Amino acid sequence: MLVVMEKTATPEQIQSVVDVIQNRGYTARSIPGGDRVSIGILNNPGPVDPSLVVGLPGVKEAIRVTRPYKLVSREVKPVDTLVDVGGVPIGGAHLTIIAGPCAIESLDQAMTIARHVQRAGAHLFRGGAYKPRTSPYSFQGLGEEGLKILARVREETGMPVVTEVMDEATFDLVEAYADMVQIGTRNMQNFSLLRRAGHSHRPILLKRGMAATVEEWLMAAEYILEGGNGQVVLCERGVRTFVNHSRNTLDLSSVPVVRKESHLPIVADPSHAAGRRDQVIPLARASVAVDAHGLMVEVHHQPDQALSDGAQSLYPEQFELLMRQVTDIHAAFRHSPALVRNGSGKGFKGG
Ligand code: PEP
Ligand code: MN
């Protein structure tokens, strides 16, 4: 349930509503909104009787939240969330581009690619220091050395950096270096990692599990918000299907669904979806056309020698082309009324 306060509600009135909720054994969570305060009621085992709060001074109304996810839903927060990654915004009308190699391999490699993608217009630099690899014999990443290289790249270029965390054991370390912490597809339902991310002071990039429904993905994001970290960006990176012409299938329809259901920004990763370079630019264009708030793209100056995901990494010149094209598409559609700001439709289950 969401308790919407009057615009004129005083801090004392808000506090007494919080007290009433907590005295009943539930959790009360203030939801930052436009010009009024709302209070979400969480951890209620069954339906909450609205008379608990309706009629209390300063309360405008109590709205039943119909979705299984609460804090991530537009029912609870109708306005878009803007995520701040070291000064770079993701969300709203911005188109934010995250680019870089799959893995940090050396200072020289990272710096060379960072300069290329920055010149082409990327806003954030990405690169894995801890790599989740299918084979234990594949390159596993440079670990802390990779994080130090990322910090050097930020120092030299001014670009904030995004990197993946694989487990709780290395969370503190990754968080100390990264401007944004990525949780990968294989960890989307690692609930202890999600809980740790919930009390991180860094924004989180939550990739969709390769076999997760949108509802499961939003529930995973709910763990992070429930822990107190509202700075979450969702990343559609393709799901497993029967096809063999690409590594995964980029689920473009998840973008409008997420935009309707949630106030959180959503970016698309055409690189891991495609698994091959020749599909990345068309999928990037399509992602921006369906209103993704940004892209995550793998780029390498020598993809043939890349220690991971070379086959899907764009050459720098290809990335420049991608940037020009997606910038044009975004400019053409950014004022489109189709960009849903207030979730008015029904849930995706019932259509
Ligand atoms: C990555 O971004 O390098 C990565 C491993 O992505 P995913 O978790 O989507 O496979
Ligand atoms: Mn990769």
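If you count the sequence shown from 1, position 208 lands on 194 in the numbering used here, and the numbers rise without skipping.
From the three backbone atoms N, C-alpha and C, an ideal C-beta is built for every residue, glycine too.
These numbers were taken from a predicted model, which means no experiment stands behind them.
Distance between residue j and residue i (C-alpha atoms, nearest Å)
i: residue -9; j: residue 319; result: 35 Å
i: residue 290; j: residue 258; result: 17 Å
i: residue 129; j: residue 233; result: 26 Å
i: residue 11; j: residue 198; result: 32 Å
i: residue 253; j: residue 278; result: 5 Å
i: residue 116; j: residue 317; result: 36 Å
i: residue -1; j: residue 251; result: 32 Å
i: residue 190; j: residue 196; result: 18 Å
i: residue 91; j: residue 263; result: 20 Å
i: residue 26; j: residue 36; result: 12 Å
i: residue 154; j: residue 166; result: 16 Å
i: residue 248; j: residue 224; result: 19 Å
i: residue 151; j: residue 243; result: 27 Å
i: residue -12; j: residue 62; result: 6 Å
i: residue 98; j: residue 145; result: 13 Å
i: residue 20; j: residue 293; result: 47 Å
i: residue -5; j: residue 238; result: 42 Å
i: residue 39; j: residue 4; result: 9 Å
i: residue 55; j: residue 23; result: 20 Å
i: residue 177; j: residue 216; result: 17 Å
i: residue 212; j: residue 82; result: 26 Å
Contact test: residue i Cβ vs the ligand MN heavy atom, cutoff 7 Å
i: residue 150; result: no
i: residue 306; result: no
i: residue 279; result: no
i: residue 284; result: yes
i: residue 314; result: no
i: residue 294; result: yes
i: residue 88; result: yes
Assigned secondary structure, residue i (DSSP; H/G/I helix, E/B strand, else coil)
i: residue 280; result: strand
i: residue 305; result: helix
i: residue 115; result: coil
i: residue 166; result: strand
i: residue 244; result: helix
i: residue 36; result: helix
i: residue 331; result: Interpretation of residue 331 is limited by its pLDDT of 35, a score under 50 that renders its predicted location unreliable; the figure taken from the coordinates is listed afterwards. Of the three classes helix, strand and coil, the one that applies to residue 331 here is coil, per DSSP.
i: residue 145; result: coil
i: residue 134; result: helix
i: residue 295; result: coil
i: residue 3; result: helix
i: residue 160; result: helix
i: residue -3; result: helix
i: residue -8; result: coil
i: residue 56; result: coil
i: residue 64; result: coil
i: residue 355; result: Outside the shown range of the chain, which is -13 to 337, sits residue 355, and nothing can be said about it.
i: residue 155; result: helix
i: residue 235; result: strand
Buried versus exposed call for residue i [16 or more other C-beta atoms within 10 Å across all chains shown]
i: residue 187; result: exposed
i: residue 50; result: exposed
i: residue 230; result: exposed
i: residue 66; result: buried
i: residue 52; result: exposed
i: residue 13; result: exposed
i: residue 109; result: buried
i: residue 47; result: exposed
i: residue 332; result: Here the model assigns residue 332 a pLDDT of 41, short of 50, so the residue's position is not dependable, and the following value carries that caveat. Exposed, since its Cβ has fewer than 16 Cβ neighbours within 10 Å.
i: residue 214; result: exposed
i: residue 9; result: exposed
i: residue 1; result: exposed
i: residue 140; result: buried
i: residue 227; result: exposed
i: residue 295; result: buried
Check: residue i C-beta below 7 Å from any heavy atom of the ligand PEP
i: residue 78; result: no
i: residue 226; result: no
i: residue 185; result: no
i: residue 256; result: no
i: residue 13; result: no
i: residue 118; result: yes
i: residue 193; result: yes
i: residue 233; result: no
i: residue 156; result: no
i: residue 82; result: no
i: residue 171; result: yes
i: residue 114; result: yes
First through last residue of the alpha helix (DSSP H) which encompasses residue i
i: residue 346; result: The requested residue 346 does not occur in the structure, where the chain is confined to residues -13 to 337.
i: residue 273; result: 266 to 275
i: residue 212; result: 200 to 212
Where the beta strand (DSSP E) through residue i begins and ends
i: residue -13; result: Run containing residue -13: none; DSSP gives neither H nor E here.
i: residue 259; result: Where residue 259 is concerned, there is no enclosing beta strand (DSSP E), although the alpha helix (DSSP H) it sits in stretches over 256 to 260.
i: residue 184; result: Segment 177 to 184 is the alpha helix (DSSP H) holding residue 184; no beta strand (DSSP E) there.
i: residue 15; result: 13 to 17
i: residue 48; result: 45 to 49
i: residue 222; result: 218 to 222
i: residue 83; result: 82 to 86
i: residue 70; result: 69 to 71
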